[in-house]
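Heads up: the sequence shown is residues 7 to 252, going by the working numbering. We put the CB at the ideal spot given by N, CA and C, even for glycine. Comments concern the structure below.
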Amino acid sequence: ASILSQAGEQPLEPCRSLFFPGIWFCDESLEVPAFDSESASQLFREAGWERREGRWVADGKPVEIRLSYDRSNRLHAALAPALAEAWRAIGIELSLDTADWNTIITERLPARDFDGVLLGWQLGFGRDQFDIWHSTEAIPGGGNLRGLKNQPVDAALEKLRNEDDPEKVKRLAAALQENLSELQPCLFLCESPAPLIAFRSDAVRLVRPRREGEWKYLPVSVGRSGYFAGRPWWVRGAPADLRVTK
């Protein structure tokens, strides 16, 4: 919470879903990992780290992790120092490595040239996240930047992208979230709202296709998934060649 409060002007919330908020096939929330310093310390010791004078030490040297981020991203530029301060408080030094977005995308990520990296992505309205989490994508240039290789996750991804039964889709999406919440292949930090948009009330209409070539012509409205779920059907004004139905 302290990190989120320092992270800039946008109101931020803990990450609650792998999918677009309010999407029909995922009502479950992504569990926020509990702060468990005792378990974390045990894992550090099992990895060969030692606690000396308030610092974690490995091979006789203080542990230092390099965090790369895009310096032009205002949110990441605010998050990185806040993370460094929080990690320093538990005995781990975080060195901040600023880079431009193009360097991160074309050089750091394909070569896995980072200890940690701040990334963000815009959630779409689909359910297919194969490219992000599947083990076959955990290769140089692949989308699975975290290197996750997990059979239950692979199985859920494969079924989820091809399943048509709505109830099975919901169960698969919930299973995927549960598995990733347990594995924590990355630290899901926060969600930020979409940019604000403004337009005249008479400038944009929502047009839906109906049977037999008819169209339903409606004002733009906000549903469970926000404005953007219906954006593919936005048009300017009222085209004269549309047959409007009520």
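Along the chain, where does the alpha helix (DSSP H) containing residue i start, and where does it finish?
{"i": "Ile175", "result": "Note that residue 175 corresponds to Val in the displayed sequence, not to Ile. Unbroken alpha helix (DSSP H) run through Val175: 172–189."}
{"i": "Trp139", "result": "136–139"}
Pick out whichever of the options has its Cα sitting closest to the Cα of residue i.
{"i": "Asn150", "options": "Ile138, Gln157, Ala161, Val159", "result": "Ile138"}
{"i": "Leu18", "options": "Ser47, Leu85, Arg51", "result": "Leu85"}
{"i": "Pro116", "options": "Val38, Phe26, Leu189, Gly147", "result": "Gly147"}
{"i": "Pro68", "options": "Leu81, Asp76, Ile96, His82", "result": "Ile96"}
{"i": "Phe194", "options": "Val123, Glu164, Trp221", "result": "Val123"}
{"i": "Asp106", "options": "Leu125, Pro20, Arg94", "result": "Leu125"}
{"i": "Lys155", "options": "Glu59, His140, Ser198, Leu166", "result": "His140"}
{"i": "Ile131", "options": "Phe26, Val241, Pro20", "result": "Per the sequence shown, the amino acid found at residue 131 is Phe instead of Ile. Comparing Cα positions, the closest option is Phe26."}
{"i": "Val210", "options": "Val241, Leu182, Glu173", "result": "Val241"}
{"i": "Glu37", "options": "Arg214, Trp221, Cys196, Leu224", "result": "Cys196"}
{"i": "Pro39", "options": "Ala88, Pro20, Gly60, Trp127", "result": "Pro20"}
How far does the beta strand (DSSP E) with residue i in it extend, from its first residue to its last?
{"i": "Leu163", "result": "Premise fails: Leu163 lies in the alpha helix (DSSP H), 157–168, not in any beta strand (DSSP E)."}
{"i": "Arg58", "result": "56–58"}
Please classify residue i as buried or exposed, where buried requires at least 16 other C-beta atoms within 10 Å of its C-beta.
{"i": "Cys192", "result": "exposed"}
{"i": "Leu49", "result": "exposed"}
{"i": "Arg42", "result": "Checking the sequence shown, residue 42 turns out to be Asp, not Arg. Answer is exposed; the Cβ neighbour count stays below 16."}
{"i": "Arg133", "result": "buried"}
{"i": "Ser78", "result": "exposed"}
{"i": "Ser74", "result": "buried"}
{"i": "Ala190", "result": "The sequence shown places Gln at residue 190, not Ala. So Gln190 ends up on the exposed side."}
{"i": "Trp62", "result": "buried"}
{"i": "Leu24", "result": "buried"}
{"i": "Glu143", "result": "buried"}
{"i": "Asn108", "result": "exposed"}
{"i": "Asp170", "result": "exposed"}
{"i": "Pro245", "result": "Confidence in Pro245 is poor, its pLDDT being 49 and thus under 50, which makes the residue's placement too unreliable to answer from."}
{"i": "Ala179", "result": "buried"}
{"i": "Asp33", "result": "exposed"}
{"i": "Gln135", "result": "buried"}
{"i": "Glu70", "result": "exposed"}
{"i": "Ala53", "result": "exposed"}
{"i": "Val159", "result": "buried"}
{"i": "Ile111", "result": "exposed"}
{"i": "Asn2", "result": "Here the chain comprises residues numbered 7 to 252, so residue 2 is not present and cannot be evaluated."}
{"i": "Glu121", "result": "Sequence inspection shows Asp at residue 121; the Glu mentioned does not correspond to that position. So Asp121 ends up on the exposed side."}
{"i": "Ala162", "result": "buried"}
{"i": "Gln157", "result": "exposed"}
{"i": "Asp65", "result": "exposed"}
{"i": "Gln183", "result": "buried"}
Have a look at the DSSP bridge pairing and note the partners of residue i.
{"i": "Ala105", "result": "Asp76"}
{"i": "Glu19", "result": "Glu197"}
{"i": "Glu303", "result": "The structure shown does not extend to residue 303, since the chain is modelled only from 7 through 252, so no value can be given for it."}
{"i": "Gly122", "result": "Leu73"}
Quick one: is residue i near chain C, going by C-beta distance under 8 Å?
{"i": "Arg77", "result": "Looking for chain C here will not work: only one protein chain is present."}
Which runs of the alpha helix (DSSP H) fall wholly inside the stretch 22–89 and span at least 4 residues, in chain order? If one requires a minimum length of 4 residues, the alpha helix (DSSP H) runs lying completely within the stretch 22–89 are 43–52, in chain order.
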